[in-house]
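Below you'll find the structure, written out as structure tokens, and then a few comments.
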Amino acid sequence: MKIKKRRLSALAVLALTASVALTACGSDDGGDDGDDGGSGGGGGGGSSSITMIPKSLGNPYFEASTAGSQRAAEEFGGQVDEVGPTGDAGPDSQVPFIQTATQQGVGALVVSANDPTALCDSIEQAQDVDIKVVTFDSDTECRDLFVSQADAQGIATKQIELIADQIGGAGDIAILSAAANATNQNEWIGLMEEDLEANYPDINLVDTVYGDDDDQKSFDETAALLRANPDLKGIVSPTTVGIAAAARYLSTSEFKGKVALTGLGAPSQMKTFIDDGTVTAFALWNPDDLGYLAAFAADALVKGDISGEEGDTFTAGDLGDYTVGADGVVVLGDPYVFDSSNIDEFDF
Amino acid sequence: MSTLEKTPSAGPGSAPRRGPDLAKVTGDLLRSRELAVLVVLLLLVVVATVKSDGFLSGDSWRDLLLTPSILLLLAAGQMLVIITRNVDLSVGSTLGITAYAAGDLMSSGSSPWVAALGAVALGALLGAVNGVIIAFGRVPALVITLGTMLAFRGILLHWAGSDRVNAGEMDPGFLDLGTAQVLTIPVLTIISLVVVVAVGYYLRTSRGGRELYAIGSDPDAAALFGLPIRRRVLGAFIASGALAGLAGVFWATRYGGVSSNAGEGIELQAVAAAVIGGVAIFGGSGSVWGAAIGAFLLVTIDRVLPILGVPDFYQQAVVGALIIGAIVLDRVLASRAERRLAVEREVAP
Amino acid sequence: MSTPTIDRAVDERTYASYARPLLWRLVATREFAVFALLAIVYVYARGSIVGFDGPLTIYFLFLESAPIMLLALPMTLIIITGEIDLSVASTMALTGAMLGIAYTKWDLPFLAAVGVAIVVGLLCGLVNGFLVAYLKLPSLAVTVGTLALFRGLAEGFLGTESISGFPERWTDLLKDRIGGDSSYPLFVIPLAVLAIAFGVLLHFTTFGRGVYEIGLNDEAARFTGVDIARTKLILFMLAGGVAALAGIYQSLYTVARGDSAVNLELQVIAAVLLGGVSIFGGRGSLPGVLAGVLLIAVINSAMRLDGVRGEVTEIVIGCLLVASVIAPTLLTWISGLVPGRVPRPAAPPSVGTTPEPPASGGSSLKS
Amino acid sequence: MVLELADVRKSFGAVQALRSGSLRVEAGSIHALIGENGAGKSTLVKIVAGVHRRDGGTFRFRGDDVDFGSTADSKGSGIAVIYQEPTLFPDLSVTENVFMGRMPLGAGRRVDRAAMHTEVEGLFQRLGVHIDPRRPARGLSIADQQIIEIAKAISLDAALLVMDEPTAALSGVEVDRLFAVARSLRDEGRALVFISHRFDEVFDLCDTVTVMRDGAYIGTHQIAETTVPALVAEMVGREVADLFPKTEAAIGDVVLSVEGLTSAGVFRDVSFDVRAGEIVALAGLVGAGRSEIARAVFGIDRYDRGTVRLDGANVRPGRPTVAIRAGMAFVPEDRRQQGLVVDSSVAHNVAGVIRTRLSRLGLISTAAENKAVRPWASRLEVKTNALDMPATTMSGGNQQKVVIAKWLATEPRLLIIDEPTRGIDVGTKSEVHRLLSELAGQGLAVLMISSELPEVLGMADRVLVVCEGRITAELDRSEATPETVMAAATGTTPDRIHLEHDTEMVQEVTA
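Chains as they are written, first to last, in our numbering: chain A, 7 to 354; chain B, -4 to 344; chain C, -2 to 364; chain D, 3 to 513.
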């Protein structure tokens, strides 16, 4: 019967397309992210293989931190693979990658967590096969070590300090955050609110909106903010994507120059807005150094030099020595302030 | 798709009809869906201005007109496809690829015009990929465009990786276009409206346009009439792709930067805008003005809700309720009209 | 009252049950093609991808693809009737959120909170079912609306919160393995039970026969007494209920949040179609769909292990979906090019509807 | 000679629809083409219209050989076909329906609406019809839709107009209007082919007639020189008498009683009874509402007022499952669309209704189905080499047997059967008739709907004639003659129907 014969040959074509697709990808070295799959068999001594999982691929901030960790890996003879969810940074999107790393038995995991608790189960499963887990940029409850770009309090007070002198110490300000459940964001916002009540009585925080680290949403939220609060004086955006979108909107709106904008931004993105005066100064740390330090910390854990308790010290290449602070936190250093004078020296 | 009983059975006997007169034409207009959606839109704007007086002044007025310009293009493209009883889920990914392509072309030095034309051409090409498979493979559009949506998004991510096009890399003149205004009307909105008018004009006056409606109204009859179905469906998908390409250019200039998740999820908004605007999901009827007003309404809701005090987390819920309300209203009006015709025939000699 | 005895003692004509031998009937189907593909891909992956043959692969594979497998079960029956449900992922997020709210905010005991979530899921299914079955609205348009409505409610209820304080006993239960150390998570048991239940419902019950008939020719189904509206309503409510189970699973497995499982419905539809179900309805089987779900899960897992970036996997799955649908048409076209074959009569090329040879004698108009 | 077709052949898979179709039509004449359903008339028309390509035979139009690959080719060369159910675009305006596919372009490649509207209005004027060209085609009556098709043919300046059973759904007034238009087209020198079952119309309108049977050409005659019985004899191919072996049966008590059944716009206060062992026929023109009455009784459609009782028990409206459980069976009119699920197997189709009884706790196995189905398939002599073959592979007659087997398997108290033998080869036709009278003989109550006069007169114990939704006559077997039935069916007095040609046939049948 004709119809039956056709189905049989449908089987042949289907099998062909799938195997061709697979072989093509299998042999291809997996796009541009460095060498082949994890070398497996981490554990004490020898070269440690590290898997780095940012919040999502396609975010230049994390591209810089990955570059930093790969630079560190060359120095301590390890190897770093960057994997991660594409597109939306939902709570469950990082879990499969942690599990895959557990399967590969890599030496250490360096993760920037999308959610404080969602990853705990899979992280514990990784730790069961003695994989060292280091979080960076955004912490979770169940990890060996947290490499913080700067201590939360330092980040909060620096941003408030910047916005205060940009708006002359008084008036309404608002916060444009990233995702609603981002751990580090909420922590900084909490500390900023305390700092405002304590030291800046006549600055009041009128609103907090969430741009989900998405260009379009941050852009539209900024517009909504300005429309809902006509006499807003300043906006603080503690996320590179948020501050860039807000700057983009401000530079094209009538509020340019009237409403101050600061927060944590990447120099490469903010350069045009520093030049045209939309933003006078903003802070950040060097994500490259952050990745570099996180990789060294992971390597130290894998080699057993440190075990993550308070007081352990390890050297992080040319960044010098670092000691592990209270409940396993290593601080990179104070946030660095960028303004028109030094913006040109950085390219990340 | 469940088959929808389109033509009501006609009873015996026929009623002579009066010639067209003014009352009848305005009667049709009043009952038309486009007007109903426009009224809801105006209502929203009025309420918003009452609640926050800055709503229609300065930037807010500009954004009121500017933000929908992208969805306007996508809704027009989606409408072209839906009236042929198809759907195009890949426009979100196409927008992403073409926006990135425009940004990439500009950052490597080519002039904004070349970048824009390149993006639209790429969009048309991607639309052609859909069109060829659907028209010649005689395969359901929902499945194919679902597949190409995943594939195009993957290609964009693979090509862009975590690199993104930043404002600095784009031609300043091009960026200004994003917010330039002529007599307070944003340039982008003017271009979108011109495109919508062109699509409407094509659908209203050209042979190809009327045949698109015919193919959606009754595909078997279209075959019997010997209409060039494949060519028309292919054309509809190429147009949808090209419009998504143009929307990609608008995205790049409006947001001053393109990341690899640009345009994600906007395809369902385009379908929603068409459905709210009265375009029948089963093809054959609906106007491009309806789809355009539907797009305006969808975007304006996102802006008005915070002012009305609805926490913006509930935005999607309101949009969902609006879509369902539109199609239920559609069905009630259609079945009442059907009954009226049946009774009218019954009364006739 | 005596029914007339229509005598049946006529010489029994012998009728064979099947036209083709069993083996041929099994091999020459789309389902077999997908199973074969799954086997090829699995064997290839074990052979050449480092770490794929480890103990954890199957374990993580099931944990990750459990929600898609769950949602694919009712979705298969819905697509076989010719309808579609795009709102399953939003229902999953909403019911997960309700579980969190009922347990932490209303302080209900855990099992009561599970009850609340399931009831909310059934209600979502009822909304879809009523609009599609009784108001006769097109399911594509309705479920695009409910996709946004349920997602909006989920995000509205939870806002910035993410709830994860569920009782240890239950979250651990999810991760334990069958028999302590086998590589299959405990969750596979309820999953298998549900799969068998849906398989029996579709292939071995009168309800299932009705589902196929609605997909093939709903007017003829009505004449044989199939209650089309009731069948579709039940199917959409089943989809809502199963989406609630998936929502509960997801909340226990990671966390209850407004934006979980975004775009999951598209992956479920891709798996169902890859499993051999026709989008026009009337054709498809549950084993084929399970193979489709496993195929996508294996491809995802293998490619991730091989260090291939996520987006390349998306390209492969997108192309596979398109290939699986156009393969039959492509083949007839290619076989048409082979010289010496009598070209098929030029049936009218109507898009979307399959042309069929008309019965001799036009059907006289009845109106 | 405008159209010349000589022994044209066409078959679809196993079904040979046309063995040797021939037709010769002069310009300026109206030529009738008659034959029982299934004689191949529609297939011949579809070949002329370019819907199908012929497998063999010659086809000359206006003198030169043609082979139309698509409907556009046929239309382009001046052939217009009006199907019984005109295919229009409901959402587009009347004018666009007339000009679809060939719209004139005015200035700047714009569709010249003004020109189109004026031409359409002119055409309607000429056809003596008032239809607003701007209104959408949705909701037009069948008669109006046909007028639009004719207008299209005229604007195409078609040399040949083929009308496939156009008067089926028309009232008396509309038929006269159509005939007037046909005559004026003929006087303009165009050629018309008129396909109809109604001898009065054929004799009233046409000049020549061609008869077809079982897919083959039989003969062509001048209308003036032939009579109805001669045509019927050629159509049927054997004496009318032995067609319907209706055996006498003991009429039992009332099985079905229907009182005051009314559904707005469809039928009004319909009341009748059907007794055990009795065959009651619902006769009348196509479109009189007979199928609608049957669908309402069986619960497919709802009705506004009235009661339906089976064996004295009231049957809740609107639910076929309730009617089936009460003991009703319904063989619908359209086999392919309503009677069968053509893509599923013979076994699944025949077991379609009884599977609920075969199942335990709702569970059912294919083996159980096959076991239950085998006796009924052999009882109806269904020709298939395996039970899992899809129904599409079978001929029309075989498919009808499958549908009947499906419903007899439920061992019903009442069998409603709509157009039992339409589109069936003549051999199976008499088998079905023999089966029906056998079943009635064994006490089954049968409500039969038929548009074929010989079948109604031959099979029915009692004839209920329906016209425009009302029962206009209840004729016992002895009183039922073609005149009385047709008179009641068209709502006119018997003398207006000049059917004297039929008298000999009537004597034979009712003797």
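Think of the CB as a built atom: it goes at the ideal place given N, C-alpha and C, for glycine as much as any other residue.
Under 7 Å (Cβ pairs) to chain B, residues found in the segment 64 to 84 of chain D: S72, T73, A74 and K77
Inside the segment 368 to 446 of chain D only - alpha helix (DSSP H) runs reaching at least 4 residues: 368 to 381, 398 to 410 and 428 to 443
Can you tell me the Cα-Cα spacing of D:A339 and D:Y85, whole angstroms? Here the question's residue 339 of chain D lines up with position 337 in the fourth sequence. Here the question's residue 85 of chain D lines up with position 83 in the fourth sequence. What sits at residue 339 of chain D in the sequence shown is Gln, not Ala. Taking the straight line from one Cα to the other gives about 18 Å.
Below 9 Å on C-beta distance, what does C:F204 contact in chain D? Locating residue 204 of chain C in the third sequence gives position 207, counting from the first residue. Within chain D, the residues near C:F204 are G364.
D:V150: which of D:I133, D:L163 and D:E250 sits nearest, CA to CA? Along the fourth sequence, one-based indexing puts residue 150 of chain D at 148. The sequence given here places Ile at residue 150 of chain D; Val does not occur at that position. When each option's Cα is compared against that of D:I150, the closest is D:I133.
Can you give the Cα-Cα distance for D:E457 and D:R464, rounded to whole angstroms? Your numbering for residue 457 of chain D matches position 455 in the fourth sequence. Your numbering for residue 464 of chain D matches position 462 in the fourth sequence. So the two alpha carbons sit approximately 13 Å from each other.
Run down chain A in chain order and give the residues with a C-beta less than 8 Å from the C-beta of B:Y250. Your numbering for residue 250 of chain B matches position 255 in the second sequence. In chain order: D221, Q222, F225, A251 and R254.
Would you identify the three-state DSSP class for D:K12, choosing helix, strand or coil? Taking the first residue of the fourth sequence as position 1, residue 12 of chain D is located at position 10. Here D:K12 sits in strand by DSSP.
I'd like to know whether the C-beta atoms of A:F302 and A:G323 end up nearer to each other than 7 Å. Numbered from 1 along the first sequence, position 296 holds the residue referred to as residue 302 of chain A. Numbered from 1 along the first sequence, position 317 holds the residue referred to as residue 323 of chain A. Yes. Within cutoff.
Close-in-space but distant-in-sequence residues of the same chain around D:L162 (CB under 6 Å, 5 per side omitted): As a working mapping, residue 162 of chain D is identified with position 160 in the fourth sequence. V4, L5, I81 and A193, listed in sequence order.
Range covered by the beta strand (DSSP E) that runs through B:G289: Position 294 of the second sequence, counted from the start, is the residue given in the question as residue 289 of chain B. Careful: B:G289 lies outside any beta strand (DSSP E), inside the alpha helix (DSSP H) at V283 to L303.
Within the continuous beta strand (DSSP E) that includes A:G269, where are the two ends? What you label residue 269 of chain A is simply residue 263 of the first sequence in a count that begins at 1. A:G269 -> beta strand (DSSP E) spans A266 to G269.
For B:A96, which residues in the same chain have their Cβ closer than 7 Å to its Cβ, ignoring the five residues on either side in sequence? If you number the second sequence from 1, residue 96 of chain B lands on position 101. Taken in chain order, the residues that qualify are G113, A114 and L117.
Hey, how far is the Cα of D:A370 from the Cα of C:F59? Here residue 370 of chain D corresponds to residue number 368 of the fourth sequence, with the count starting at 1. Here residue 59 of chain C corresponds to residue number 62 of the third sequence, with the count starting at 1. Their backbone Cα atoms lie some 37 Å apart in a straight line.
Return yes when the Cβ of C:A114 is within less than 7 Å of the Cβ of C:A241, no when it is not. By one-based count along the third sequence, residue 241 of chain C stands at place 244. By one-based count along the third sequence, residue 114 of chain C stands at place 117. Yes, they are a contact pair.
Per the DSSP calculation, C:R301 is bridged to which residue(s)? Taking the first residue of the third sequence as 1, we reach residue 301 of chain C at position 304. Its beta-bridge partners do not exist; DSSP assigns none.
Drop a sphere of 10 angstroms on the beta-carbon of D:Q444, count the other beta-carbons inside from all chains shown, and report buried for 16 or more, exposed for fewer. Position 442 of the fourth sequence holds residue 444 of chain D. Classification for D:Q444: exposed.
How many Å lie between A:G48 and A:I137 at the Cα? Walking along the first sequence from the start, residue 48 of chain A turns up at place 42. Walking along the first sequence from the start, residue 137 of chain A turns up at place 131. Because A:G48 sits at a pLDDT of 35, beneath the cut-off of 50, its placement in the model cannot be relied upon, and the following sentence gives the value as read from the coordinates. For A:G48 and A:I137, the distance between alpha carbons rounds to 8 Å.
How long is the line joining the alpha carbons of D:T358 and C:G222, rounded to whole angstroms? Counted from its first residue, the fourth sequence places residue 358 of chain D at position 356. Counted from its first residue, the third sequence places residue 222 of chain C at position 225. Cα-Cα distance, rounded: 10 Å.
Can you confirm whether the segment 306 to 313 of chain B touches the segment 134 to 151 of chain C when touching is taken to mean that 3 or more C-beta pairs between the two stretches lie within less than 8 Å? yes
In terms of DSSP beta bridges, what is D:G58 paired with? As a position in the fourth sequence, residue 58 of chain D is number 56, starting the count at 1. According to DSSP, which records beta bridges pairwise, D:G58 is partnered with D:R11.
Roughly how many angstroms lie between the CA atoms of D:E167 and D:V213, to the nearest whole one? Start at 1 with the first residue of the fourth sequence, and residue 167 of chain D comes out as number 165. Start at 1 with the first residue of the fourth sequence, and residue 213 of chain D comes out as number 211. Distance between the alpha carbons of D:E167 and D:V213 is about 15 Å.
CA nearest to the CA of B:A43, picked from B:I302, B:T79 and B:P107: Counted from its first residue, the second sequence places residue 43 of chain B at position 48. Of the candidates B:I302, B:T79 and B:P107, the one whose C-alpha sits nearest the C-alpha of B:A43 is B:I302.
At least three beta-carbon pairs within less than 8 Å, the segment 263 to 283 of chain C to the segment 191 to 210 of chain C: yes
Where does D:H223 fall in DSSP's three states? The sequence position of residue 223 of chain D within the fourth sequence is 221, counting from 1. The answer is strand: DSSP assigns D:H223 an E or B state.
D:T228 versus D:I406 - alpha carbon distance: By 1-based counting over the fourth sequence, the position of residue 228 of chain D is 226. By 1-based counting over the fourth sequence, the position of residue 406 of chain D is 404. Spanning the two alpha carbons is a distance of roughly 38 Å.
In the DSSP output, which residue or residues are listed as bridge partners for D:C469? The residue labelled residue 469 of chain D in the question sits at position 467 within the fourth sequence. Answer is D:R472, bridged to D:C469.
Would C:G237 and C:L119 be called neighbours here (beta carbons separated by less than 7 Å)? For the purposes of this step, residue 237 of chain C is taken as residue 240 along the third sequence, with counting starting at 1. For the purposes of this step, residue 119 of chain C is taken as residue 122 along the third sequence, with counting starting at 1. Yes, the Cβ-Cβ distance between C:G237 and C:L119 is below 7 Å.
Just to confirm, is the Cβ distance from D:A374 to D:L360 under 7 Å? In the fourth sequence, the residue the question calls residue 374 of chain D occupies position 372. In the fourth sequence, the residue the question calls residue 360 of chain D occupies position 358. Contact: yes.
Using only the alpha-carbon positions, how far apart do D:R137 and B:S27 sit? As a position in the fourth sequence, residue 137 of chain D is number 135, starting the count at 1. As a position in the second sequence, residue 27 of chain B is number 32, starting the count at 1. Approximately 14 Å between the Cα atoms of the pair.
Output the distance between the C-alpha atoms of C:F49 and A:V139, rounded to the nearest integer angstrom. Here residue 49 of chain C refers to the residue found at position 52 when the third sequence is read from its first residue. Here residue 139 of chain A refers to the residue found at position 133 when the first sequence is read from its first residue. The alpha-carbon atoms of C:F49 and A:V139 are separated by roughly 22 Å.
Just grab the DSSP bridge partners of A:A177 for me. Against the first sequence, residue 177 of chain A aligns to sequence position 171. The residue you asked about is not Ala; residue 177 of chain A is Gly in the sequence shown. DSSP lists A:I209 as partners of A:G177.
Around the C-beta of C:I331, are 16 or more other C-beta atoms found within 10 angstroms, so that it is buried, or is it exposed? On the third sequence, residue 331 of chain C is found 334 positions in, with the first residue counted as 1. C:I331 is exposed by the Cβ-count criterion.
Using a cut-off of 9 Å between C-beta atoms, extract the partners of C:G367 located in chain D. Because chain C is modelled from -2 through 364, residue 367 of chain C falls outside the range shown and cannot be assessed.
So who's on the other strand from B:M74, going by DSSP bridges? Here residue 74 of chain B is taken as the residue at index 79 of the second sequence, counted from 1. Note: B:M74 sits in no beta bridge, so no partner.
Just the Cα atoms here: how many angstroms apart are D:T474 and D:V467? Indexing the fourth sequence from 1 puts residue 474 of chain D at position 472. Indexing the fourth sequence from 1 puts residue 467 of chain D at position 465. So the two alpha carbons sit approximately 6 Å from each other.
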